[in-house]
């Protein structure tokens, strides 16, 4: 059972380049999330999708776009990468009810130079 | 001010010690609470949910105080393998968006 799968695991970008982080879950979850984690800042929500076909901004959405391609997949796009976007990115999913846990992917370590 | 606040630590304790972490949340609409554990360079994983009446899972006890808006985690008989960062999570009802604290670092030494 794969759970939440993120690709790639590591990436180095030059300033201004674009890329898409992929995330897929096989647990039939309704809700999916993208977080970034920086030292001393904890996990901050970038975007989330409460259900297929909907997306909403989180705490730190600037510089990012998302697509909920179907119930399984939720991608995060950096259109023009900046050094401030150097971070570890985690995708997560949950059933979407308040009583259930969120499951995380293994993370993508992104460096923008 | 973050919606969920934790003391970052680190808490440095010997094996066998009892250690307690507290966490406060500012949004009174928060309905669900959790503790996650994150090992170095790994993804967060659920440690336990936190219920209003308090709950225990082996050496771990979680408490919720809604009036004061804080959550606690007590670890008894600490093991070396308990060394990790512990993340406090509050989730609002409705759209259920988990909000994470910055995490508290625990180091258990021999």
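Chains as they are written, first to last, in this note's numbering: chain R, 60 to 172; chain W, 2 to 111. Glycine residues also receive a C-beta, built at the ideal position from the N, C-alpha and C atoms.
Between the segment 165-172 of chain R and the segment 57-69 of chain W, are three or more C-beta pairs nearer than 8 angstroms? no
Excluding the five sequence neighbours on either side, which residues of its own chain have a C-beta within less than 6 angstroms of the C-beta of residue 126/R, listed in chain order? 134
Closest to residue 90/R by CA distance: which of 84/R, 106/R and 110/R is it? 110/R
Per the DSSP calculation, residue 86/W is bridged to which residue(s)? 39/W and 106/W
Can you tell me whether residue 112/R is buried or exposed? The criterion is at least 16 other CB atoms within 10 Å of its CB, across all chains shown. exposed
Taking 9 angstroms as the threshold (C-beta atoms), are residue 85/W and residue 73/W in contact? no
Extent of the continuous beta strand (DSSP E) to which residue 60/W belongs: Per DSSP, residue 60/W belongs to no beta strand (DSSP E) and is neither H nor E.
Identify whether residue 142/R lies in helix, strand or coil by the three-state DSSP scheme. helix
Nearest to residue 76/W (by Cα), restricted to the options 97/W, 19/W and 65/W: 19/W
What residues in its chain sit with their C-beta under 6 angstroms from that of residue 168/R, if we drop five residues either side in the sequence? 69 and 147
Report the partner residues of residue 72/R according to the DSSP bridge assignment. 171/R
Coil, strand or helix - residue 128/R by DSSP: coil
Spatial neighbours of residue 104/R in its chain, beta-carbon cut-off 8 angstroms, leaving aside the 5 residues before and after: 92, 93, 94, 117, 118 and 119
With 16 as the cutoff for other CB atoms within 10 Å, does residue 138/R come out buried or exposed? exposed
Which same chain residues, not among the five before or five after residue 145/R, have their C-beta less than 7 angstroms away from its C-beta? 169, 170 and 171
Inter-residue spacing [alpha-carbon to alpha-carbon] between residue 83/R and residue 9/W: 31 angstroms
Assuming residue 6/W is part of the beta strand (DSSP E), what are its boundary residues? 5-7
Can you say whether residue 152/R is buried or exposed, counting buried as having 16 or more other CB atoms within 10 angstroms of its CB? buried
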